[in-house]
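Counting in the numbering used here, the sequence shown runs from 44 upward without gaps.
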Amino acid sequence: MVDALVTLIVVLACLGALGVLAAARVVKQYERGVVFRLGRLRSDIRGPGFTMIAPFVDRLQKVNMQIVTMPVPAQEGITRDNVTVRVDAVVYFKVVDAAEALVAVEDYRFAVSQMAQTSLRSIIGKSDLDDLLSNREKLNQGLELMIDSPAVGWGVHIDRVEIKDVSLPETMKRSMARQAEADRERRARVINADAELQASKKLAEAASQMADTPSALQLRLLQTVMAVAAEKNSTLVLPIPVELLRFLEKGQQEIPAAARTEGGAEGGAPAAGPAAAPEREAAPAQPGQPAQPARQAMPTLTEREPEPHTVER
Numbered sequence: 044m045v046d047a048l049v050t051l052i053v054v055l056a057c058l059g060a061l062g063v064l065a066a067a068r069v070v071k072q073y074e075r076g077v078v079f080r081l082g083r084l085r086s087d088i089r090g091p092g093f094t095m096i097a098p099f100v101d102r103l104q105k106v107n108m109q110i111v112t113m114p115v116p117a118q119e120g121i122t123r124d125n126v127t128v129r130v131d132a133v134v135y136f137k138v139v140d141a142a143e144a145l146v147a148v149e150d151y152r153f154a155v156s157q158m159a160q161t162s163l164r165s166i167i168g169k170s171d172l173d174d175l176l177s178n179r180e181k182l183n184q185g186l187e188l189m190i191d192s193p194a195v196g197w198g199v200h201i202d203r204v205e206i207k208d209v210s211l212p213e214t215m216k217r218s219m220a221r222q223a224e225a226d227r228e229r230r231a232r233v234i235n236a237d238a239e240l241q242a243s244k245k246l247a248e249a250a251s252q253m254a255d256t257p258s259a260l261q262l263r264l265l266q267t268v269m270a271v272a273a274e275k276n277s278t279l280v281l282p283i284p285v286e287l288l289r290f291l292e293k294g295q296q297e298i299p300a301a302a303r304t305e306g307g308a309e310g311g312a313p314a315a316g317p318a319a320a321p322e323r324e325a326a327p328a329q330p331g332q333p334a335q336p337a338r339q340a341m342p343t344l345t346e347r348e349p350e351p352h353t354v355e356r
């Protein structure tokens, strides 16, 4: 009798231990437990830690509450300005209602993935190529709203959506490269022209300043010569001031004018040629000076008498 009682107690203890093991569940910190009793959803959501359920009656299903990073496969589409592109993105989402994520949709991960792909194709068709390349922040916000609207009923919250890469055809890449090169060249020319304009204004101010003080031009010339000589070159470039050239040109113009004035004062008219030279007379002697004899006119070659020549036989 005692042996039978001990055996019964041992059997009950084993059954109790098995029951406890079957009913015991551990929910991790980043998970939530949803209990279904005989197929019906229980309202109490089990938090992290140790929990118990009714064996063979309840079924505990765990839902991950972490943020999920889901890559969106590259989608090929035509933009609003008729350019074929391939765009891929990444979606960050998390479950905010564990019960809705299990009851409202069969597989919330697959549902979010398909919604992201269709929304990405829609965004490509509504946007221009320039918007896809430069205005991605606005497109990311629009894509996030398009995915988050149906995901709210699934107990899923879309944290953010990012467009990763935009693949362009090779012809479009070459066209954009030529456009960028032309724009850079235009900017370089504008900057160069602006620099020339500023330099010309400064040179005009320097010229006006040097015009007031001519010695400044000579000092500047000496500074230039010293700067060239400091380079230890075998050739020395010496600039000639423009004023010196003007002075020499003015001197050359004054010499013929003085000659014409002198000729007009002596004979009353400029000399007509070599025939007028013998007709000149000696200038009258000034008081206090001895009179000078008049110059003898030299006969010309035609006026000279031929000299006699004797022929010896």
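Ideal Cβ placement from N, Cα and C applies to all residues, glycine included.
Of the listed residues the options, nearest to residue i (C-alpha basis)
i: P116; options: C57, T161, Q252 and M189; result: T161
i: I121; options: A250, A249, V209 and R227; result: V209
i: R164; options: A66, V148, N183 and D150; result: N183
i: P114; options: V155, Q252 and V285; result: V155
i: A159; options: A270, M269 and M189; result: M189
i: Q104; options: T267, L145, W197 and A259; result: L145
i: G76; options: N178, P299, V106 and L288; result: V106
i: E143; options: I298, V78, R230 and S243; result: V78
i: S64; options: A97, T304, K181 and L175; result: For the sequence presented, residue 64 should be read as Leu rather than Ser. Ranking A97, T304, K181 and L175 by Cα distance to L64 puts A97 first.
i: E205; options: R221, M219, D237 and N178; result: N178
i: E286; options: Q266, R263 and P257; result: P257
N- and C-terminal bounds of the alpha helix (DSSP H) containing residue i
i: V155; result: Y151 to K169
i: P193; result: R179 to A194
i: P116; result: P116 -> not in any alpha helix (DSSP H); beta strand (DSSP E) instead, spanning V111 to I121.
i: K244; result: E213 to D255
i: D87; result: It is not in any alpha helix (DSSP H) - D87 instead sits in the beta strand (DSSP E) that spans R83 to R89.
Residues near residue i in its chain [Cβ-Cβ closer than 6 angstroms; skip 5 each side]
i: R129; result: A117, E119 and S210
Beta-bridge pairing of residue i - partner residues as DSSP gives them
i: A141; result: Answer by DSSP bridge pairing: none, since A141 is not bridged.
i: Q104; result: V77
i: D131; result: D208
i: G294; result: According to DSSP, G294 bridges with nothing at all.
i: V54; result: DSSP, once it has assigned bridges, lists no residue as partnering V54.
i: R289; result: In the DSSP output, where bridge partners are listed per residue, R289 has none listed.
Own chain, CB closer than 8 angstroms to residue i, minus 5 neighbours either side, in chain order
i: D171; result: T122, R123 and D124
Reduced DSSP category for residue i - H, G, I as helix; E, B as strand; rest coil
i: M269; result: helix
i: A60; result: helix
i: F99; result: coil
i: V146; result: helix
Terminal residues of the beta strand (DSSP E) in which residue i lies
i: D208; result: V199 to S210
i: V126; result: It is not in any beta strand (DSSP E) - V126 carries neither H nor E in the DSSP assignment.
Sequence-distant residues of the same chain with beta carbon closer than 7 angstroms to residue i, five excluded per side
i: Y135; result: I110, T112, D202 and R203
i: G185; result: I166
i: G69; result: Residue 69 is actually Val in this sequence, not Gly. Cβ within range, chain order: F93.
Chain C within 9 angstroms of residue i, Cβ atoms only
i: Q295; result: Absent from the structure is chain C; it holds one protein chain and no more.
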